[in-house]
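See structure below.
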Amino acid sequence: ALLQGLAAAGVPLVMADGWFEDMPHDAVAQDGFAGGLQAGAWLAGRGHRRIAFVGPSLVGADLQVVERRCGAAGALGRAGLELPGDLLVSVPLHDPRAAVGPVTELLSRADRPTAVLALWQGLGPVVARAARDLGLAPGATWTWSAGRSRRSTPPTSSAASRRAGSAGRNLELRPAGRSLHQPAAPAPRQPAGGAGAHPDTG
1 ALLQGLAAAG VPLVMADGWF EDMPHDAVAQ DGFAGGLQAG AWLAGRGHRR IAFVGPSLVG
61 ADLQVVERRC GAAGALGRAG LELPGDLLVS VPLHDPRAAV GPVTELLSRA DRPTAVLALW
121 QGLGPVVARA ARDLGLAPGA TWTWSAGRSR RSTPPTSSAA SRRAGSAGRN LELRPAGRSL
181 HQPAAPAPRQ PAGGAGAHPD TG
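Per the UniProt record's numbering: the sequence shown = residues 1 to 202.
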């Protein structure tokens with residue numbers, strides 16, 4: 001009602017991060033597709049081949065939700081990868097506590113992913129905590145919120161995060177003290193070169 005009243009009165013109006021389809025006003029919004037694309041490309045570029053996606057269902061979702069997942073899926077597709085159903089975890093967007101169970105189950109599997117795309121601010125900490133509780137050490141993280149990177153590895157992801165303007169986190173997962181690229185297993189063996197074989201310390 002307020003927006004309709006302002007429009008009827010001829011008041012210039014620009015919405016900030018509140019765009020919706022068929023909106024009669026100007027708007028400045030996050031580029032969810034670009035954010036998802038850059039996030040997925042960054043993990044794929046680091047050699048990951050089993051990348052999970054944790055986020056809200058697309059059923060009845062707004063365009064930002066659709067864009068983020070499509071961007072991530074597009075990045076994986078460009079790298080010759082897929083986002084298989086067994087690595088796609090749908091959770092409520094505004095109830096991070098409801099994501100704890102599904103995320104813990106995902107990371108408890110013997111064939112768990114080596115990286116997780118969690119492109120919403122409330123879901124990144126859920127994935128990180130579940131990983132720690134299971135004895136998995138998160139590797140380098142790419143964290144961004146409101147277009148400002150809090151910690152980025154490598155440094156180039158900081159500039160990318162400002163362009164994306166999304167909010168969320170990517171996590172690389174590895175059992176504590178082990179190389180990132182060694183497959184996870186209930187009884188892991190030490191890789192050649194030891195725990196320091198991977199150049200990133202996280």
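Backbone N, C-alpha and C define an ideal beta-carbon position, used for all residues, glycine too. Since this is a predicted model, take the numbers as computed values, not measurements.
Sixteen is the threshold: since fewer than 16 other Cβ atoms of the shown chains lie within 10 Å of the Cβ of Gly10, the residue is exposed.
Contact annotation: Gln64 and Gly40 have beta-carbon atoms that are not nearer than 8 Å. When DSSP states are grouped into helix, strand and coil, Ser108 belongs to the helix group. Ranked by how close their Cα comes to the Cα of Thr104, the residues Arg132, Gln30 and Leu83 have Arg132 in first place. Of the other Cβ atoms in all chains shown, fewer than 16 fall within 10 Å of the Cβ of Ala110; this residue is therefore exposed.
The criterion of a C-beta distance shorter than 8 Å is not satisfied by Leu87 and Leu107. The three-state secondary structure of Leu83, taken from DSSP, is coil. Distance from the CA atom of Pro24 to the CA atom of Gly60, rounded to whole angstroms, is 22 Å.
Within the same chain, Val126 and Ala130 come within 7 Å of Val100 by CB-CB distance, once the 5 residues on both sides are set aside. Taking the CA atoms as reference points, Ser57 sits about 7 Å from Val91. In this structure Ala72 is in contact with Leu119, their Cβ atoms being roughly 7 Å apart against a cut-off of 8 Å. Per the DSSP secondary-structure output, Asp26 pairs in a beta bridge with Val14. Linking Leu13 to Leu6 through their CA atoms gives a straight-line distance of about 8 Å. Each residue's CA atom was taken as its position, placing Pro102 and Ile51 some 16 Å apart.
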